[in-house]
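Residue numbers (the working numbering): 5 to 323. I have placed the structure first, in the form of structure tokens, so that the comments after it can refer back to it.
Below is the structure:
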């Protein structure tokens, strides 16, 4: 079973076109399928368009959220209600081509767990959309080590046994491939077609760059220090302590060799401040370590995920 999850916000003109395209493309796959439209608090007639599409097509479903929560939350709602063992996501603005779903599924059949689309010929504004996207994609790849040309492409395919271990908050949907790799997923990327928007306006602007940078810092931390946060905070504490000692030695050097009083130089203040910062970093690291243990132990959450076993009966409480 294939579940196609599509978040929608004010796409009343695009949805009928998309529904017709899906109704043509999906039966060609030769597999059972369902389409889940998630109405993310639209203020236009998107809800009515979803109702019409679900009435006309038995395999189409609709989820209507009470308000606009954002694309990530809308995707999570779709994931929770998806029944397929493969989940495909795409935008509801008709810029993704449903005919490309077949390519993603073919790549999954090669043994990959996550397949991400790459809008190699993107039909968007070169300055407002394309340039920031290129820079962001390079920065994300360099920071996380996960090499993709296009993290922002919504056309992706996931095996459900991978995506169910990915917990999303805020606006983290663009980083699902990274979270999947952290869970041990095999990742691939395929070029897909991209079309100019016919109706409506884009929900993203240049302010998205700031959000990406903030989210990327969270991903970077979770990727490297989610199990041992003390390594980060302790490292910062060691650097601060070294700076404190260095400033103190410099202050003594100035006093005994250049006859400068401690009150004539800011070095004692710098040394004391850096020492306090070092202590605070160590204490924050200890609190973070306690939080990690509470997180795993209170939920009985393991620190590992099992892909498969050979000649071993899994425990009833295993993940």
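Even glycine gets a Cβ: it sits at the ideal position worked out from N, Cα and C.
C-beta contact flag for residue i and residue j at 8 Å
i           : j           : result
residue 12  : residue 42  : yes
residue 194 : residue 109 : no
residue 167 : residue 83  : yes
residue 59  : residue 19  : no
residue 14  : residue 48  : yes
residue 88  : residue 7   : yes
residue 164 : residue 91  : yes
residue 281 : residue 221 : no
residue 162 : residue 118 : yes
residue 238 : residue 286 : yes
residue 255 : residue 272 : yes
residue 121 : residue 151 : no
residue 275 : residue 248 : yes
residue 217 : residue 98  : no
residue 177 : residue 76  : yes
DSSP three-state assignment for residue i, whether helix, strand or coil
i           : result
residue 192 : strand
residue 155 : coil
residue 49  : coil
residue 7   : strand
residue 253 : helix
residue 17  : coil
residue 322 : Note on residue 322: pLDDT 48, under 50, position unreliable in the model; no value is reported.
residue 183 : helix
residue 63  : coil
residue 173 : coil
For residue i: DSSP bridge partner residues
i           : result
residue 160 : 93 and 120
residue 141 : Answer is none; residue 141 lacks a bridge partner.
Assigned exposure category for residue i - 16 Cβ within 10 Å defines buried
i           : result
residue 34  : exposed
residue 155 : buried
residue 96  : buried
residue 179 : buried
If you scan the segment 71 to 109 from start to end, which runs of the beta strand (DSSP E) of 3 or more residues do you find wholly inside it? 90 to 93
In chain order, what are the residue ranges of uninterrupted alpha helix (DSSP H) at least 4 long that sit wholly in the segment 253 to 301? none
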